[in-house]
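2 protein chains.
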Amino acid sequence: MATPQLTKNQTLVMDALSHSEGPMSAYTILDKLRDHGFRAPLQVYRALDKLQEYGMVHRLESLNAFVACTCPHDHEHDHGVTAFTICEGCGQVTEFHDEAIEQRLSTLTRAQNFKTEKTTIEIRGHCQSCA
Amino acid sequence: MATPQLTKNQTLVMDALSHSEGPMSAYTILDKLRDHGFRAPLQVYRALDKLQEYGMVHRLESLNAFVACTCPHDHEHDHGVTAFTICEGCGQVTEFHDEAIEQRLSTLTRAQNFKTEKTTIEIRGHCQSCA
DNA sequence: GCAATTGATGTAATAACATTACATGACGAC
DNA sequence: GTCGTCATGTAATGTTATTACATCAATTGC
Ligand SMILES: [Zn+2]
Ligand SMILES: [Zn+2]
Ligand SMILES: [Zn+2]
Ligand SMILES: [Zn+2]
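Chains E and L, in that order, are what the protein sequence lines are.
According to my numbering, the stretch in the first sequence is residues 92 to 222, in order.
According to my numbering, the stretch in the second sequence is residues 92 to 222, in order.
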């Protein structure tokens, strides 16, 4: 997915997420952007949908929240299976990718003739500092 | 986690999930159990919390829904990392466990000194029939 | 130029999911 | 019988997400 020119709303949401320490809920983003003219949840959700499509934002299913992608590479190609550790103590989220996991999941789904569209891997626990 | 004697409400919720074709939301369960005296969401959520604690029910984070555990073994021990394929077409959910994945995730989290408490793996896509 | 199309936006209302707070009831330990 | 604990009942509220409909801007085809 080549990264297209972002629209005004998409840029605002992306900036909010990029400058945030941790994940943010859609409604938290909305509140941050009221000064910039945001009035309704849909403005946030629409921007988030696009940003996820472009691979610039990830949704954390177990938190109902969103984070900016921290992959080193740009987003000109699909970056495969994304996994996260999420600290219950400090809220820190770490994104990582692992070829071995991806291969193994591929083998397993293939065995049941399942066609994967999106894989969610989220590990809740405590980081080194909060252990 | 040894499976204790279930309470009345826990039994009702467990039965509803066991007899369901696929995952159910808490509110769907509530509706199914109105005839049995259920009146409020909390009755469902409280039962679900316990059933999850006992390992008899799993929450699907990406669906905000719940399924009965389909593990062949009983629930007298923790059954480690649980993963699911979820068909977008027919709603079919398949639970599986894989030692290799578990090992690999353990290695990766250990590398960042992360203490895992709960791991979520959910694969959305299409099953053989719905491909 | 000017319809027609497409994609983005604005706004309101509503739906769907989950929790807090507080009161009551059942039951065994002592 | 009093206490502590756990399950339950009920209402209210909080949080997350979508539907529906109107408007606006840029592009395309004529
Ligand atoms: Zn990423
Ligand atoms: Zn931490
Ligand atoms: Zn299970
Ligand atoms: Zn299917």
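Think of the CB as a built atom: it goes at the ideal place given N, C-alpha and C, for glycine as much as any other residue.
{"Item": "Check whether the region 202 to 210 of chain E touches the region 109 to 126 of chain L, taking contact to mean three or more Cβ pairs, one atom from each stretch, closer than 8 Å.", "Value": "no"}
{"Item": "Scan the region 195 to 222 of chain L for residues whose Cβ lies nearer than 8 Å to a Cβ of chain E and list them as they occur along the chain.", "Value": "Arg195, Leu196, Leu199, Thr200, Gln203, Asn204, Phe205, Lys206, Thr207, Glu208, Lys209, Thr210, Thr211, Ile212, Glu213, Ile214, Arg215, Gly216, His217, Cys218, Gln219 and Ala222"}
{"Item": "Using a cut-off of 7 Å between C-beta atoms, extract the partners of serine 153 of chain L located in chain E.", "Value": "Glu152 and Thr211"}
{"Item": "According to DSSP, what are the bridge partners of glycine 216 of chain L?", "Value": "E:Thr207 and L:Cys178"}
{"Item": "So if I threshold CB-CB distances at 9 Å, which residues from the region 179 to 193 of chain L count as touching chain E?", "Value": "Glu179, Thr185, Phe187, Asp189, Ala191 and Ile192"}
{"Item": "Within 8 Å (strictly less), CB to CB, does threonine 161 of chain L reach chain E?", "Value": "no"}
{"Item": "How would you list, in chain order, the residues of chain E whose beta-carbon sits under 7 Å from the beta-carbon of threonine 176 of chain L?", "Value": "Thr200, Gln203 and Phe205"}
{"Item": "What are the residues that DSSP puts in a beta bridge with valine 172 of chain L?", "Value": "Note: valine 172 of chain L sits in no beta bridge, so no partner."}
{"Item": "Would the C-beta of glutamine 203 of chain E count as close to ligand 4, meaning under 7 Å from any of its heavy atoms?", "Value": "no"}
{"Item": "Could you tell me the distance, in whole angstroms, from the CA atom of asparagine 182 of chain E to the CA atom of leucine 151 of chain E?", "Value": "Per the sequence shown, residue 182 of chain E should be read as glycine rather than asparagine. If I take the Cα positions, the gap works out to 12 Å."}
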